[in-house]
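According to numbering that gives the first Met the number 0, the sequence shown holds residues 0 to 179 in order. Working notes for the structure below.
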Amino acid sequence: MVTATTTSTPSTTTTTATPSCTTAVPGKYGYVPPDACNAQWNYSPSFSAAVAFSTLFGILTLAQIILAFVHRKPFCWVMIMGVSWELVSFILRALGSHHQQSQAYSFASSLLFLLAPLWINAFVYMTAGRLMWTFHPDRKVAGIKAISLGKYFVWLDIFSFIVQGVGGTMLSPGGSATTM
Numbered sequence: 000m001v002t003a004t005t006t007s008t009p010s011t012t013t014t015t016a017t018p019s020c021t022t023a024v025p026g027k028y029g030y031v032p033p034d035a036c037n038a039q040w041n042y043s044p045s046f047s048a049a050v051a052f053s054t055l056f057g058i059l060t061l062a063q064i065i066l067a068f069v070h071r072k073p074f075c076w077v078m079i080m081g082v083s084w085e086l087v088s089f090i091l092r093a094l095g096s097h098h099q100q101s102q103a104y105s106f107a108s109s110l111l112f113l114l115a116p117l118w119i120n121a122f123v124y125m126t127a128g129r130l131m132w133t134f135h136p137d138r139k140v141a142g143i144k145a146i147s148l149g150k151y152f153v154w155l156d157i158f159s160f161i162v163q164g165v166g167g168t169m170l171s172p173g174g175s176a177t178t179m
């Protein structure tokens with residue numbers, strides 16, 4: 000008696016769905032979900048928080064300018080510059096929260112927010128040098144003269160400024176995945 004045999008071989012191919020990009024239509028106040036292709040922000044920026052911090056930094060900027068002139072301290076321009084960059088960053092973030100597809104707002108806000116602390120660091124180094132000059136009898140610490148301290152740290156700050164500026168530009172919205 001002859002019997003028929005059938006054999007089956009399991010398939011080794013699989014099918015997967017590739018993620019596709021979904022472009023979102025901006026909602027009220029320009030809202031775009033963070034996972035949309037045309038979103039410039041990786042989160043939903045808060046307009047009210049950005050306005051609150053803009054107001055706070057605006058008051059601090061004005062206070063720094065007034066104090067620098069009242070006490071005749073021209074070296075305070077470094078602190079004023081740092082606080083001003085923070086102020087502009089938060090203003091751009093407030094504008095960007097209502098225009099979430101604008102790459103200009105996102106890029107400028109992120110870059111200024113990243114670089115502003117370097118100005119404040121430079122002010123701290125300059126102040127440390129002035130304190131050493133005023134209160135230390137030798138006017139030097141660890142062999143570094145008070146006059147040179149600020150200069151060394153400011154040059155290192157400039158180097159850090161360049162590195163962070165290049166890094167911030169590479170991480171800007173719209174950058175390629177290989178660059179990031």
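By construction, the Cβ of each residue, glycine as well, lies at the ideal position given by its N, Cα and C atoms. As the structure is a prediction and not an experimental result, all values here were calculated from the model.
Residue i versus residue j - alpha carbon distance
i	j	result
SER83	ALA121	15 Å
ASN41	PHE56	24 Å
VAL77	SER109	20 Å
PHE158	LYS27	42 Å
GLY149	GLY128	6 Å
VAL24	MET131	58 Å
ILE58	CYS20	42 Å
LYS144	ASN37	53 Å
LEU86	THR60	8 Å
LEU91	TRP118	19 Å
TYR30	PHE52	20 Å
GLN39	GLY95	9 Å
ILE181	THR133	Since the first and last residues shown for the chain are 0 and 179, residue 181 lies out of range.
HIS97	THR54	18 Å
VAL165	GLY142	33 Å
CYS75	ALA115	15 Å
PRO33	MET169	19 Å
Per-residue DSSP class, three states only, for residue i
i	result
VAL87	helix
VAL162	helix
VAL123	helix
VAL153	helix
Whole-Å CB distance - residue i paired with residue j, under 8 Å assumed
i	j	result
PHE68	SER88	Contact flag wrong, Cβ pair sits at about 24 Å.
TYR124	PHE152	4 Å
ILE64	ILE79	6 Å
VAL185	ALA93	Lying outside 0 to 179, the shown extent of the chain, residue 185 is not represented and no answer is given.
8 Å Cβ cutoff, residue i in contact with chain C
i	result
CYS75	Note that chain C does not occur in the displayed structure, where there is just one protein chain.
**Request:** Determine, using beta-carbon pairs with one atom in the region 101 to 110 and one in the region 136 to 146, whether at least three such pairs fall under 8 Å.
**Result:** The answer is no - the region 136 to 146 does not touch the region 101 to 110, with fewer than three Cβ pairs under 8 Å.
**Secondary structure, alpha helix (DSSP H): runs of 4+ residues fully inside the region 39 to 81** = For the region 39 to 81, the continuous alpha helix (DSSP H) assignments of 4+ residues that do not extend past its boundaries occur at 46 to 69, in sequence order.
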